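Student:
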Amino acid sequence: MRNYIVRGIDRGKNFRFFVAKATDLVNEAVQIHHCMPTAAAALGRTLIATAIIGYMGKNKEDKISVQIKGDGDIKNIICVADNSINVKGYISNPLSNPPLKENGKLDVGSAIGRGKMIVIKDLGLKDSYVGQSELLNGEIAEDFANYFARSEQQPSAVSLGVTVDRDYTIKSAGGFIIQVLPDANEEAIDLLEKIIREIKPISTLISEGYTPEKIIEEVFKELEIDIIDKKEMKLECDCSKEKIEGILLSLGEEEIQSMIDRDKSAEVICHFCNTKYLFEEKELKDLILEI
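In this text, residue positions in the sequence shown follow the working numbering: the first is 10, and each later residue adds one.
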């Protein structure tokens with residue numbers, strides 16, 4: 010598997026681990042949206058975290074949506090994942106690419122700006138769970154950690170990394186989320202904090218050839234981790250012409266007739282995968298008849 014997440018737990022049952030490698034997946038998403046480097050890093054980090062949260066779900070039908078709304082140049086990022094870790098993402102300004110920070114790193118925080126993170130969990134119940142938190146710094150990893158702490162009261166360590174090459178392709182991408190379990194002891198928490206302070210950036214580890222299993226086995230070896238399972242991640246959009254038809258029907262007869270009068274057809278583009286759906290005049294007239 011090229012893109013996958015490994016799940017594990019330490020033998021003392023103090024933490025649960027989710028470690029992801031997603032270089033090819035993020036590269037595919039970046040190419041679809043024609044992202045500049047900073048936008049690529051922002052979209053990639055959000056995709057990885059959303060996929061991991063999707064993997065946390067208990068039921069196959071569970072679906073997670075994450076929206077980052079900032080006042081920076083990027084404006085909005087929306088990512089959606091299910092429990093099978095099919096994930097898709099959209100970024101409103103893929104050309105965002107502010108100057109590098111003084112340390113030479115991409116300034117994702119500046120591109121995102123101040124705003125909110127909104128997480129919607131569709132767990133098959135009557136109402137979806139909606140949680141939100143303020144963005145801490147727009148760097149995304151810290152913002153997810155803040156979301157877990159504020160909205161779900163779940164202490165979590167989050168690391169997300171995307172390295173963009175000179176040709177704007179993705180050199181490495183990965184991330185981990187480590188969550189403290191209810192009965193964790195202070196000694197184990199202190200050890201985890203020490204390891205996280207000393208660990209290399211996750212994107213560096215991936216570029217050095219570390220797999221998620223190797224990261225768990227070597228980087229966190231002092232915690233004695235047992236790997237429970239692993240699952241492949243896929244960049245997959247569930248759009249279809251039938252779903253687009255439903256959207257057009259919701260616009261009403263007057264709006265569809267306007268499309269016919271103006272262009273004799275309608276072209277609808279999916280925001281997530283950029284697939285184009287063309288509706289000829291006859292198809293639009295059939296939709297009016299259906300209404």
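Virtual Cβ for every residue (Gly too), placed ideally from N, Cα, C. No experiment lies behind these values; they were computed from the predicted model shown.
Please classify residue 276: is it buried, with 16 or more other beta-carbons within 10 angstroms of its beta-carbon, or exposed?
Tutor: Start at 1 with the first residue of the sequence shown, and residue 276 comes out as number 267. Looking at its Cβ environment, which holds fewer than 16 other Cβ atoms inside 10 Å, residue 276 is exposed.
Student: Spatial neighbours of residue 278 within its chain, please: C-beta separation below 6 Å, excluding the five flanking residues on both sides.
Tutor: Residue numbering aside, residue 278 sits at position 269 when the sequence shown is read from its first letter. 285, listed in sequence order.
Student: Just tell me which of 41, 94, 112, 99 has its CA closest to the CA of residue 85.
Tutor: Taking the first residue of the sequence shown as 1, we reach residue 85 at position 76. Per the Cα distances, 99.
Student: With a floor of 3 residues, list each beta strand (DSSP E) that falls wholly inside the segment 91 to 160, ordered by position along the chain.
Tutor: DSSP runs (the beta strand (DSSP E)) wholly in the segment 91 to 160: 95 to 100, 124 to 131, 138 to 143.
Student: Can you tell me which of the three DSSP states residue 177 falls into?
Tutor: Stepping through the sequence shown from its first residue, residue 177 is reached at position 168. Residue state, collapsed to three classes: coil.
Student: Mind checking whether residue 121 and residue 51 have CB atoms under 8 Å apart?
Tutor: Here the question's residue 121 lines up with position 112 in the sequence shown. Here the question's residue 51 lines up with position 42 in the sequence shown. Yes, they are a contact pair.
Student: CB residue 27 to CB residue 20, shorter than 8 Å?
Tutor: If you number the sequence shown from 1, residue 27 lands on position 18. If you number the sequence shown from 1, residue 20 lands on position 11. Cβ atoms of residue 27 and residue 20: not closer than 8 Å.
Student: If you run the structure through DSSP and keep just helix, strand and coil, what is residue 59?
Tutor: Here the question's residue 59 lines up with position 50 in the sequence shown. Looking at residue 59 - three-state DSSP - the assignment turns out to be helix.
Student: With a CB to CB cut of under 7 Å and the five nearest residues on each side skipped, what residues in its chain are close to residue 253?
Tutor: Against the sequence shown, residue 253 aligns to sequence position 244. So the qualifying residues of the chain are 277, 286.
Student: Note down the Cα distance separating residue 207 from residue 226, rounded to an integer number of angstroms.
Tutor: Counting from 1 along the sequence shown, the entry for residue 207 is found at position 198. Counting from 1 along the sequence shown, the entry for residue 226 is found at position 217. The straight-line gap from Cα to Cα measures roughly 16 Å.
Student: Can you find the residues in the same chain that come closer than 6 Å, C-beta to C-beta, to residue 116, ignoring five residues on each side of it along the sequence?
Tutor: Counted from its first residue, the sequence shown places residue 116 at position 107. Closer than 6 Å at Cβ, skipping near neighbours: 107, 110.
Student: What are the complete alpha helix (DSSP H) segments, minimum 4 residues, inside the segment 24 to 85?
Tutor: With a minimum length of 4 residues, the continuous alpha helix (DSSP H) runs that stay inside the segment 24 to 85 are 32 to 42, 46 to 65.
Student: I'd like the span of the alpha helix (DSSP H) that includes residue 255, first residue to last.
Tutor: Numbered from its first residue, the sequence shown carries residue 255 at position 246. Element bounds for residue 255: 250 to 260.
Student: In angstroms with no decimal places, state the Cα-to-Cα distance between residue 142 and residue 126.
Tutor: Counting from one through the sequence shown, the residue named residue 142 turns up at place 133. Counting from one through the sequence shown, the residue named residue 126 turns up at place 117. Residue 142 and residue 126: Cα-Cα distance of roughly 5 Å.
Student: Does the distance from the CB of residue 211 to the CB of residue 244 come in under 8 Å?
Tutor: What you label residue 211 is simply residue 202 of the sequence shown in a count that begins at 1. What you label residue 244 is simply residue 235 of the sequence shown in a count that begins at 1. Against a cut-off of 8 Å, the Cβ pair of residue 244 and residue 211 comes out as no contact.
Student: When DSSP labels each residue in this structure, what does residue 16 get in the three-state scheme?
Tutor: Reading the sequence shown from its first residue, position 7 is the one you call residue 16. DSSP places residue 16 in strand when its eight states are reduced to three.
Student: Using alpha carbons as the reference points, say which of 91, 166, 140 lies closest to residue 151.
Tutor: On the sequence shown, position 142 is the one that residue 151 refers to. The shortest C-alpha separation from residue 151 is found at 166.
Student: Ends of the alpha helix (DSSP H) at residue 211?
Tutor: The count along the sequence shown starts at 1 and reaches residue 211 at position 202. First-last of the alpha helix (DSSP H) with residue 211: 211 to 216.
Student: What separation, rounded to the nearest whole angstrom, lies between the Cα atoms of residue 228 and residue 222?
Tutor: In the sequence shown, the residue the question calls residue 228 occupies position 219. In the sequence shown, the residue the question calls residue 222 occupies position 213. C-alpha separation (whole angstroms): 10 Å.
Student: I'd like the span of the beta strand (DSSP E) that includes residue 291, first residue to last.
Tutor: Counting from 1 along the sequence shown, the entry for residue 291 is found at position 282. Careful: residue 291 lies outside any beta strand (DSSP E), inside the alpha helix (DSSP H) at 290 to 299.
Student: If you check the beta carbons only, do residue 18 and residue 186 fall under 8 Å apart?
Tutor: Looking up residue 18 in the sequence shown gives position 9. Looking up residue 186 in the sequence shown gives position 177. Against a cut-off of 8 Å, the Cβ pair of residue 186 and residue 18 comes out as no contact.
Student: At a threshold of 7 Å, does residue 215 count as lining the ligand ATP (C-beta to nearest heavy atom)?
Tutor: Absent from the structure shown: the ligand ATP. Ligands present: none.
Student: If you run the structure through DSSP and keep just helix, strand and coil, what is residue 187?
Tutor: As a position in the sequence shown, residue 187 is number 178, starting the count at 1. Correct three-state label for residue 187: strand.
Student: Helix, strand or coil for residue 231, going by three-state DSSP, please let me know.
Tutor: Looking up residue 231 in the sequence shown gives position 222. Helix, per DSSP.
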